[in-house]
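Everything below concerns the one structure shown next.
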Amino acid sequence: STVLAGHGLVKKYGSTTALAGVNVEVRERDSLAIMGPSGSGKSTLLHTLAGIIRPDDGQVLLRGERSEMGVPPAEGWGRIDNLGENRLSALRRKRFGFVFQFGQLLPELPAEENVALPLMLEGLPRGEAVARARHWFAPLGLEGLEQRRPGQLSGGQAQRVAIARALVAAPDVVFADEPTGALDQRTSTEVVQLLTFATRETGAALVMVTHDADVAAHCDRVLQVRDGRISGHSQSTLA
Ligand code: ADP
Ligand code: ADP
154 STVLAGHGLV KKYGSTTALA GVNVEVRERD SLAIMGPSGS GKSTLLHTLA
204 GIIRPDDGQV LLRGERSEMG VPPAEGWGRI DNLGENRLSA LRRKRFGFVF
254 QFGQLLPELP AEENVALPLM LEGLPRGEAV ARARHWFAPL GLEGLEQRRP
304 GQLSGGQAQR VAIARALVAA PDVVFADEPT GALDQRTSTE VVQLLTFATR
354 ETGAALVMVT HDADVAAHCD RVLQVRDGRI SGHSQSTLA
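Position one of the sequence shown corresponds to residue 154 (our numbering), numbered consecutively onward.
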């Protein structure tokens, strides 16, 4: 069943049409790769679905979200594109996880505290949050690196810490924007395997922008974007 949907999404920047009416459905435990040429609207689409960019037209719907009136709508769906900034940022914290290309970890904090951060923002005491964060290190092959600062981690290790942080608060959807963009091919494969596997294990859906077809092949489905439109849609072979 569908957890997140974009209907007729339009986004313009001056005379540039970044999204020209896009429909996307993300199903439960689904992993969806968004591919396409540079400037085709991939990032804009991801950020719009994630409630970071507001569309000029169309709707973003999230299952289990309450309407503006505070009443759960029929079938438990709610629009999120028209929420106020405070509601939206609380919603992103609670229901979404994010992995970016690089530079997303706080350099002064040990890896385990970086992972614990989303839990602390939810109000969990620091000790408890860090204890829960530590559970993620072994499954992601990060055992022994809990106390390292981001500057003392390799690129692949830093991305695995970022994956742990994206998943620690049990989000419904994880958004990854070029999560392997700064990594070599071998490390990219390791990272995308861990990302798709760990996300599926938690029951979350994954929406990932990548320019790398080998990385996209680890997702269940691949969406091709061109000139702000969906130009193709395929089931993946690998996943
Ligand atoms: P992609 O991720 O596929 O490279 P983007 O979604 O970043 O594409 O951008 C789509 C189009 O919208 C491009 O022409 C880009 O220059 C433009 N664009 C994106 N964000 C902005 C912005 N904040 N201001 C102006 N133009 C933007
Ligand atoms: P990507 O190739 O991953 O989309 P970009 O460098 O195109 O990376 O975009 C990075 C960020 O800059 C995005 O948040 C995007 O919305 C914004 N951006 C892209 N194009 C423009 C632009 N022409 N003007 C302002 N911001 C832009």
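We treat Cβ as the ideally placed atom computed from N, Cα and C, and that holds for glycine.
Shortest gap from the CB of Thr201 to any heavy atom of ligand 1: 7 Å or more.
Rounded to whole angstroms, Gly297 and Ser168 show a C-alpha spacing of 51 Å. In terms of side-chain proximity, the C-beta atom of Thr363 is found no nearer than 7 Å to any non-hydrogen atom of ligand 1.
Exposure of Gly385 is indicated by the presence of fewer than 16 other C-beta atoms within 10 angstroms of its C-beta. Put simply, the residues with a CB less than 6 Å from any heavy atom of ligand 1 are Tyr166, Thr169, Ala171, Gly189, Ser191, Gly192, Ser193, Gly194, Lys195, Ser196, Thr197, in chain order.
Fewer than three beta-carbon pairs drawn from the stretch 280-296 and the stretch 325-339 are found closer than 8 Å, and the two stretches are therefore not classed as touching. Separation of Gly192 and Glu331 (C-alpha to C-alpha, rounded to the nearest whole angstrom) is 14 Å. Taken through DSSP and simplified to helix, strand or coil, Gln377 comes out as strand. Counting the other Cβ atoms within 10 Å of the Cβ of Ser387 gives fewer than 16, which makes it exposed.
By the Cβ test, the stretch 308-321 is not in contact with the stretch 232-239, since fewer than three Cβ pairs between them sit closer than 8 Å.
Of the other Cβ atoms in all chains shown, 16 or more fall within 10 Å of the Cβ of Ala358; this residue is therefore buried. By the Cβ test, the stretch 248-266 is in contact with the stretch 276-292, since at least three Cβ pairs between them sit closer than 8 Å.
Shown here, Gly159 sits in a strand according to DSSP, grouped into three states. In this structure, Ser184 places its C-beta atom within 8 Å of the C-beta atom of Thr352.
Considered as a whole, the stretch 217-288 harbours 238-248, 264-274, 279-287 as its complete alpha helix (DSSP H) runs of no fewer than 4 residues, in chain order. Judged by pairs of C-beta atoms under 8 Å, the stretch 205-218 does not touch the stretch 367-381, as fewer than three such pairs exist.
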